[in-house]
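Peer 1: Protein chains in written order, with our numbering: chain A, 1 to 200; chain B, 1001 to 1200.
Virtual Cβ for every residue (Gly too), placed ideally from N, Cα, C.
A quick note: this is a predicted structure, and the numbers were derived from the prediction, not measured.
Let me begin by handing over the structure; questions about it come next.
Number of protein chains: 2
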Amino acid sequence: MILYDFLPSGNGYKVRLLLSQLGVPFKRVEINILKGESRTTGFLSKNPNGRIPILETNNGQILWESNAILFYLGAGTKFFPNDSFEQAQVMQWLFFEQYSHEPYIATSRYWISILGKADEHRQAIQEKRAPGYAALSVMEKHLTKCSFFVGDCYTIADIGLFAYTHVANQGGFELTKFPAIQAWLERVKAQPGHISILQA
Amino acid sequence: MILYDFLPSGNGYKVRLLLSQLGVPFKRVEINILKGESRTTGFLSKNPNGRIPILETNNGQILWESNAILFYLGAGTKFFPNDSFEQAQVMQWLFFEQYSHEPYIATSRYWISILGKADEHRQAIQEKRAPGYAALSVMEKHLTKCSFFVGDCYTIADIGLFAYTHVANQGGFELTKFPAIQAWLERVKAQPGHISILQA
């Protein structure tokens, strides 16, 4: 398999982490999104939406959207439940991640720590504070009752939410008021085969 | 089953439409989000993220996130493929819908046609034009080659993308330059059991 990826990306990291934990060998192709490499004709022929990650399977099939790739790779493994309602709960948290979490927490990190342009985006960063903390509060509330997001087992829902939550401080979000999230981050890091975000 | 819903919502409509096409009986509970009814203690005890739709199953299990509900109801029916790669492609388009389409096209419609506050949100609406049209261009490109989004069959990917695309004009998006999208909208409307967005 080939993973078109950008090392600092949490969305890319999700897939790298799952592949590592599955023990699936893959070739990583670095796409420097800061240099326009996700907007070339060649790249857009793979993903017309111009975003990493993209997974290219051994058959040459192309799949994009990080959480859809998690679903594809995770289905039928211990990282995805067997029960159909629990499967839907995994998807619920992954959609929550993309709609209510990533646009605030990941985007702030992108401006502040990837682009290094906090000043230029000061107002937009400020507007993302409240909805970002609201997403963290939803997670905190859930994690005070549960060890992991679904079925008290580590699943792709945890992988999806871990990616940008564990580097939320790089987007200016403080996790000190979220003890249940902090404890969950440690549980995720303790899973066999865990790799860090900048570990290719 | 109980569907907590808001009639003008495209996210609620997705679920209503699938339930109708599946012939599954359900009770609809209207939550007027404009009157704060999705922020009450009772509602937040069902969805801490404070959004409709919510599905409550016959067992009293609670599921939120419209596209996760589509997955739950659609899995194992003719509206979801059997092939695992095609299943992942369905999820790809549903994540695309929530990340790259809904935040621009649905949000513009909300400000303009649901709240009736186009003037107040003029600048934000303007900022959503380019990414909204970019999402429509991605869809157009795909639909020039395919009748439906995945496997040339009508699936929950089509239901998910139809919901806000067919009312994109209510958010100020013109579909005249997207003939493939227009033809696809007609194919979706022609599916057995189709209902319109304001049909409870």
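(1) So, under 8 angstroms CB-CB, H1230(B) and Y1154(B) are touching, yes? Tell me the CB distance rounded to an integer number of Å.
(2) Can you give me the start and stop residues for the alpha helix (DSSP H) that R1122(B) sits inside?
(3) Can K117(A) be considered in contact with the ligand COA, in the sense that its beta carbon sits closer than 7 angstroms to one or more heavy atoms?
(4) Excluding the 5 residues preceding and the 5 following W184(A) in the sequence, name in chain order all residues of the same chain whose CB lies nearer than 6 angstroms to its CB.
(5) Rank A135(A), T107(A), A157(A) by C-alpha distance to the C-alpha of L17(A) and give the top, closest one.
(6) To the nearest angstrom, report how far apart V188(A) and S196(A) are at their CA atoms.
(7) In whole angstroms, what is the alpha-carbon distance linking F6(A) and A134(A)?
(8) E1065(B) by DSSP, collapsed to three states: which one?
(9) Taking the CB atoms as reference points, tell me whether F1149(B) and W1093(B) lie closer together than 8 angstroms.
(10) Around the Cβ of N49(A), are there at least 16 other Cβ atoms within 10 angstroms (buried) or fewer (exposed)?
(11) Within 8 angstroms (strictly less), CB to CB, does A92(A) reach chain B?
(12) Check for me: the beta strand (DSSP E) holding E1030(B) runs from which residue to which?
(13) According to DSSP, which residues form a beta bridge with C1153(B)?
(14) What residues of chain B sit near P103(A), judged by a beta carbon separation below 8 angstroms?
(15) Can F85(A) and Y1110(B) be called in contact, C-beta distance under 8 angstroms?
(16) With the cut-off set at 8 angstroms, would you say Y4(A) and I33(A) are in Cβ contact?
(17) Just grab the DSSP bridge partners of L1003(B) for me.
(18) Could you list which residues in chain A have their beta carbon closer than 9 angstroms to that of K1046(B), in chain order?
(19) Which same chain residues, not among the five before or five after I181(A), have their C-beta less than 8 angstroms away from its C-beta?
(20) Along the segment 1113 to 1138 of chain B, where does the CB come closer than 9 angstroms to a CB of chain A? Name the residues.
(21) Using a Cβ-Cβ cut-off of 7 angstroms (strictly less than) and excluding sequence neighbours within five positions of L993(B), which residues of its own chain qualify?
(22) Using a C-beta to C-beta distance shorter than 7 angstroms, which residues of chain A count as neighbours of F1095(B)?
(23) Please tell me whether Q1191(B) has its Cβ less than 8 angstroms away from any Cβ of chain A.
(24) Can you have a look at V1015(B) and say buried or exposed, based on whether 16 or more other CB atoms are within 10 angstroms of its CB?
(25) Is Q1021(B) close to chain A, meaning its C-beta is less than 8 angstroms from at least one C-beta of that chain?
(26) Please report the straight-line C-alpha distance between Y1117(B) and A1130(B), rounded to a whole angstrom.
(27) Nearest-angstrom Cα distance between H1038(B) and F80(A)?
(28) Can you find the residues in the same chain that come closer than 6 angstroms, C-beta to C-beta, to A1190(B), ignoring five residues on each side of it along the sequence?
(29) Out of M1(A), E186(A), P192(A), which one is the CA nearest neighbour of I54(A)?
(30) Can the beta-carbon of G1132(B) be found less than 8 angstroms from the beta-carbon of S1113(B)?
(31) At which residues does the alpha helix (DSSP H) containing T107(A) begin and terminate?
(32) Which residue from V24(A), S9(A), G12(A), N11(A) puts its Cα closest to that of G193(A)?
(33) Can you find a C-beta in chain A that's less than 8 angstroms from the C-beta of Y1072(B)?
(34) So, with DSSP's three-state summary, where would you put D1083(B)?
Peer 2: Reading off the structure:
(1) Outside the shown range of chain B (1001 to 1200) lies residue 1230(B), about which nothing can therefore be said.
(2) 1122 to 1143
(3) In the structure shown, the ligand COA is absent, as is every other ligand, since no ligand is present at all.
(4) L143
(5) A157(A)
(6) 11 angstroms
(7) 28 angstroms
(8) coil
(9) yes
(10) buried
(11) Correcting the residue identity first, residue 92(A) is Gln in this sequence and not Ala. With 8 angstroms as the cut-off, Q92(A) counts as an interface residue toward chain B.
(12) 1027 to 1030
(13) V1150(B)
(14) Y1099, P1103
(15) no
(16) no
(17) R1028(B), L1055(B)
(18) What K1046(B) touches in chain A: nothing, since even the nearest Cβ is about 12 angstroms away.
(19) L136, M139, E140, L143, T165, L175
(20) A1134, A1135, S1137, V1138
(21) Limits of chain B in this structure are 1001 at one end and 1200 at the other, which puts residue 993(B) out of reach.
(22) E65, N67, A68, Q98
(23) no
(24) buried
(25) no
(26) First, the amino acid is wrong: residue 1117(B) is Lys here, not Tyr. In a straight line, the C-alpha of K1117(B) is about 20 angstroms away from that of A1130(B).
(27) Residue identity differs from the one stated: residue 1038(B) is Ser in this sequence, not His. Taking the straight line from one Cα to the other gives about 30 angstroms.
(28) none
(29) M1(A)
(30) no
(31) 102 to 109
(32) V24(A)
(33) yes
(34) coil
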